[in-house]
Amino acid sequence: MHRFDKALRGRRSVAAALGLIVGALALSACGSSSSSNSNSSSSTSSSGGAGTSQEASTGGKPSWCGDKPITLGIYDGGGLNAWSADSLAQVKREAAKCPAVKKQIVVNAGFNPQKGTSGMQSMIAQGANAIVAIPDAGVCAELPTMRQATQRGVKVAIYAAAGCGKVGQDYVSYSDWDTVHDGKILTDFVAKQMNGKGNILFLGGPAGNIVDQGTIKGMYESLKAYPNIKVLGNVTEKSWPVTNWDPAQAQKVTAGLLAKYPKVDAIVDEYGASVLGELKAFKDAGRKVPAIATSHLNALACDWEKAKGTKNAFELATLSNRNWTGALAVRKAVAAVNGIKNTDKEIIPLTLLTDSSSTTNPPKCYADKSPDYDPSNDWSEAELNKVIAGA
């Protein structure tokens, strides 16, 4: 997921809490708790944005590849969990398409700013001329070193976390999702399930994080078309019920809100693992699970599938976790080393990955995958390019 500042420690360390919540919800169909990077399956849904993709190959290699030998630095400010592992796999898979990438140097900072700084400096010292990075070891911790790398001619492309600097000045690109747009489509989904009236419960991550600010802005833009829908509590772009992206905390916060509000018709929360805790709070309170709009989580899909057709059924829509933005960062950095203009979209407005009201892309439980498996990680090259191009 999109990670910001020290609160990201909780978000990227949810494995234990996720396992407890999954067990409590009896999601036995979700299988092993280990991460899977299998390429054996692919999503049939699409997700889109504006722009074009520059993946077409020339002379047997991608057009962004070029001929200059590349030593590629791969940096993750956290690097602690399955999300990170999936993102790393996407980067390595994309880099393998370019024969000019001769060497890869991987650094995981473990949310330690000092380790992050020394690790990135080490990549520069080892001759990295391209670096792809998730800069989230701490509050803007990597920016000075990224600037240093850029001043030395290293082409730095970041993804999945804002780098605090300026594109074109401190790094060549920033690839990520469009949170405002995502807030709109998540809200549009639940509004339709509510038939245009009722109460939405919004829950977010750490106080002040940029992801939820954008999501909330998009939510309220969507709700202009639904005057009979109310967001419970005083939710603004600066304030919301804080879960710290922790399923256990989300369960506790939701329990308190349910005691206060007797009628909840939908949940909007851009982090799927937190929703598991929220869902358990509803079940513990004997309340019907409402419509849910969030990011993808196999465990949620499994729970939806289990409840389908029963009195416990609920509507569910999810967005891709966009680990594949790492592949876009590879393209940007390698192309920049070679002086090639890469036109791939950077900030991408997604469409729903799964939609329980759809016959073409309903949620699917992957019984042989981990609870946090995301099918968009197994998109083929053609499917990924379709996303980038918005086709």
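With the sequence shown counted from 1, adding 396 to any position gets you my numbering. Cβ coordinates follow ideal geometry from the N, Cα and C atoms, glycine included.
Practice task
Can you grab the Cα-Cα spacing for the pair Leu748 / Ala732, in whole Å?
Solution key: Counting from one through the sequence shown, the residue named residue 748 turns up at place 352. Counting from one through the sequence shown, the residue named residue 732 turns up at place 336. Using only the alpha carbons, I get a separation of about 31 Å.
Problem - N-terminal and C-terminal residue of the alpha helix (DSSP H) that Ile736 is part of - result: Along the sequence shown, one-based indexing puts residue 736 at 340. Element bounds for Ile736: n/a, residue is neither H nor E.
Problem - Buried or exposed (CB count within 10 angstroms, at least 16 for buried), Tyr762 - result: The residue labelled residue 762 in the question sits at position 366 within the sequence shown. Label assigned to Tyr762: buried.
Practice task
Find out if the Cβ-Cβ distance for the pair Ile501, Ala524 is shorter than 7 Å.
Solution key: By one-based count along the sequence shown, residue 501 stands at place 105. By one-based count along the sequence shown, residue 524 stands at place 128. Yes; because the gap between Cβ atoms is below 7 Å, this pair is in contact.
Handout entry: Neighbourhood of Ala689 by C-beta distance below 6 Å, restricted to the same chain and skipping five residues each side
Key = Numbered from 1 along the sequence shown, position 293 holds the residue referred to as residue 689. Hits under 6 Å: Leu582, Phe585, Val586, Val664 and Ala713.
Exercise for the section: Give a yes or no on whether the C-beta atoms belonging to Arg727 and Asn738 are separated by under 7 Å. Expected result: Here residue 727 is taken as the residue at index 331 of the sequence shown, counted from 1. Here residue 738 is taken as the residue at index 342 of the sequence shown, counted from 1. Yes, these two residues count as a Cβ contact at 7 Å.
Exercise for the section: For Ile612, write down the residues that DSSP places opposite it in a beta bridge. Expected result: Taking the first residue of the sequence shown as 1, we reach residue 612 at position 216. Ile612 pairs with nothing; no bridge assigned.
Problem - Residues near Ala491 by beta carbon distance below 6 Å, same chain, minus five either side - result: Walking along the sequence shown from the start, residue 491 turns up at place 95. Answer for Ala491: Leu468, Val497 and Val726, listed in chain order.
Practice task
Taking only the alpha-carbon atoms, compute the straight-line gap between Tyr567 and Arg543 and give it to the nearest angstrom.
Solution key: Residue mapping note: residue 567 aligns to position 171 of the sequence shown, counting from 1. Residue mapping note: residue 543 aligns to position 147 of the sequence shown, counting from 1. Cα to Cα, the separation comes out at about 7 Å.
Exercise for the section: Give me whichever residues DSSP pairs with Val502 in a beta bridge. Expected result: Taking the first residue of the sequence shown as position 1, residue 502 is located at position 106. Bridge partners of Val502: Ile470.
Handout entry: Which of helix, strand or coil DSSP assigns to Asn781
Key = Stepping through the sequence shown from its first residue, residue 781 is reached at position 385. DSSP places Asn781 within a helical segment (H, G or I) once states are collapsed to three.
Practice task
Look at Ala545 and Ile520 and say whether their C-beta atoms are less than 7 Å apart.
Solution key: To locate residue 545, count along the sequence shown from 1; it is residue 149. To locate residue 520, count along the sequence shown from 1; it is residue 124. Their beta carbons are under 7 Å apart, which means Ala545 touches Ile520 by this criterion.
Exercise for the section: Please state if the CB of Thr632 and the CB of Glu666 are separated by a distance shorter than 7 Å. Expected result: Here residue 666 corresponds to residue number 270 of the sequence shown, with the count starting at 1. Here residue 632 corresponds to residue number 236 of the sequence shown, with the count starting at 1. Against a cut-off of 7 Å, the Cβ pair of Thr632 and Glu666 comes out as no contact.
Practice task
Can you tell me which of the three DSSP states Trp775 falls into?
Solution key: Taking the sequence shown and counting its residues from 1, the one referred to as residue 775 is at position 379. Residue state, collapsed to three classes: coil.
Exercise for the section: State yes or no: is the C-beta of Gly512 within less than 7 Å of the C-beta of Ala526? Expected result: Position 116 of the sequence shown, counted from the first residue, corresponds to residue 512. Position 130 of the sequence shown, counted from the first residue, corresponds to residue 526. For Gly512 and Ala526, no; Cβs fall outside 7 Å.
Practice task
Pull up the DSSP beta-bridge partners for Ile754, would you.
Solution key: In the sequence shown, residue 754 corresponds to position 358, counting from 1. First, the residue type needs correcting, since residue 754 is Ser and not Ile in the sequence shown. BP columns for Ser754 are empty, so no partner.
Problem - CA-to-CA distance, Lys464 to Ala644, given in whole angstroms - result: Counting from 1 along the sequence shown, the entry for residue 644 is found at position 248. Counting from 1 along the sequence shown, the entry for residue 464 is found at position 68. Rounded to the nearest angstrom, the two C-alpha atoms are 49 Å apart.
Exercise for the section: From the DSSP output, in three-state form, read off Leu748 for me. Expected result: Position 352 of the sequence shown, counting from 1, holds the residue named residue 748. Coil at Leu748, not helix or strand.
Handout entry: Bridge-paired residues (DSSP) for Tyr570
Key = Position 174 of the sequence shown, counting from 1, holds the residue named residue 570. Tyr570 pairs with Ile554.
Problem - Asp472 to Asn508 span [Cα, whole Å] - result: Along the sequence shown, one-based indexing puts residue 472 at 76. Along the sequence shown, one-based indexing puts residue 508 at 112. Those two C-alpha atoms are separated by around 11 Å.
Practice task
Determine the closest residue to Ile596 out of Pro602, Val607, Gly604 and Tyr616, with distance taken between C-alpha atoms.
Solution key: If you number the sequence shown from 1, residue 596 lands on position 200. Out of Pro602, Val607, Gly604 and Tyr616, Tyr616 has the C-alpha closest to the C-alpha of Ile596.
Practice task
Enumerate in chain order the residues of its own chain whose CB-to-CB distance from Thr541 is below 7 Å, with the five nearest sequence positions on each side excluded.
Solution key: Within the sequence shown, the letter at position 145 stands for residue 541. Contacts found: Thr513, Met516 and Gln517.
Handout entry: For Thr650, the three-state DSSP class (helix, strand or coil)
Key = Looking up residue 650 in the sequence shown gives position 254. In this structure, Thr650 counts as helix in the three-state DSSP scheme.
Exercise for the section: Identify every residue that forms a DSSP beta bridge with Leu712. Expected result: In the sequence shown, residue 712 corresponds to position 316, counting from 1. Leu712 is bridged to Ile688.
Exercise for the section: Tell me whether the beta-carbon of Val627 lies closer than 7 Å to the beta-carbon of Pro637. Expected result: Residue numbering aside, residue 627 sits at position 231 when the sequence shown is read from its first letter. Residue numbering aside, residue 637 sits at position 241 when the sequence shown is read from its first letter. Their beta carbons are not under 7 Å apart, which means Val627 does not touch Pro637 by this criterion.
Exercise for the section: Out of Val550, Asn605, Ile530 and Ala537, point me to the one whose CA is closest to Leu476's CA. Expected result: Against the sequence shown, residue 476 aligns to sequence position 80. Across the set Val550, Asn605, Ile530 and Ala537, the C-alpha of Ile530 shows the shortest separation from the C-alpha of Leu476.
Practice task
Can you give me the start and stop residues for the beta strand (DSSP E) that Asn595 sits inside?
Solution key: What you label residue 595 is simply residue 199 of the sequence shown in a count that begins at 1. Taken as a continuous stretch (DSSP letters only), the beta strand (DSSP E) holding Asn595 covers Gly594 to Phe598.
Exercise for the section: For Val783, count neighbouring Cβ atoms within 10 angstroms of its own Cβ and tell me buried if that reaches 16, exposed if not. Expected result: In the sequence shown, residue 783 corresponds to position 387, counting from 1. So Val783 counts as buried.
Exercise for the section: Find out if the Cβ-Cβ distance for the pair Gly722, Val487 is shorter than 7 Å. Expected result: Residue 722 sits at position 326 when you count from the first residue of the sequence shown. Residue 487 sits at position 91 when you count from the first residue of the sequence shown. Against a cut-off of 7 Å, the Cβ pair of Val487 and Gly722 comes out as a contact.
Exercise for the section: Express the C-alpha separation of Lys493 and Lys562 in angstroms, rounding to a whole number. Expected result: The residue given as residue 562 occupies position 166 in the sequence shown. The residue given as residue 493 occupies position 97 in the sequence shown. The alpha-carbon atoms of Lys562 and Lys493 are separated by roughly 28 Å.
Exercise for the section: For Ala723, name the three-state secondary structure that DSSP assigns. Expected result: Within the sequence shown, residue 723 is the residue found at index 327, counting from 1. DSSP places Ala723 in helix when its eight states are reduced to three.
Exercise for the section: Identify which residue in Asn719, Ser766, Gly735 and Thr756 has its Cα closest to the Cα of Leu780. Expected result: Counted from its first residue, the sequence shown places residue 780 at position 384. The shortest C-alpha separation from Leu780 is found at Asn719.
Practice task
Select from Gly462, Gly474 and Cys560 the residue whose C-alpha is nearest the C-alpha of Val730.
Solution key: Taking the first residue of the sequence shown as position 1, residue 730 is located at position 334. Checking every option, the nearest Cα to that of Val730 belongs to Gly462.
Problem - DSSP state of Lys626 mapped onto helix, strand, coil - result: By one-based count along the sequence shown, residue 626 stands at place 230. Strand, per DSSP.
Problem - Separation of Lys679 from Gly705, as counted between CA atoms - result: The count along the sequence shown starts at 1 and reaches residue 705 at position 309. The count along the sequence shown starts at 1 and reaches residue 679 at position 283. Those two C-alpha atoms are separated by around 17 Å.
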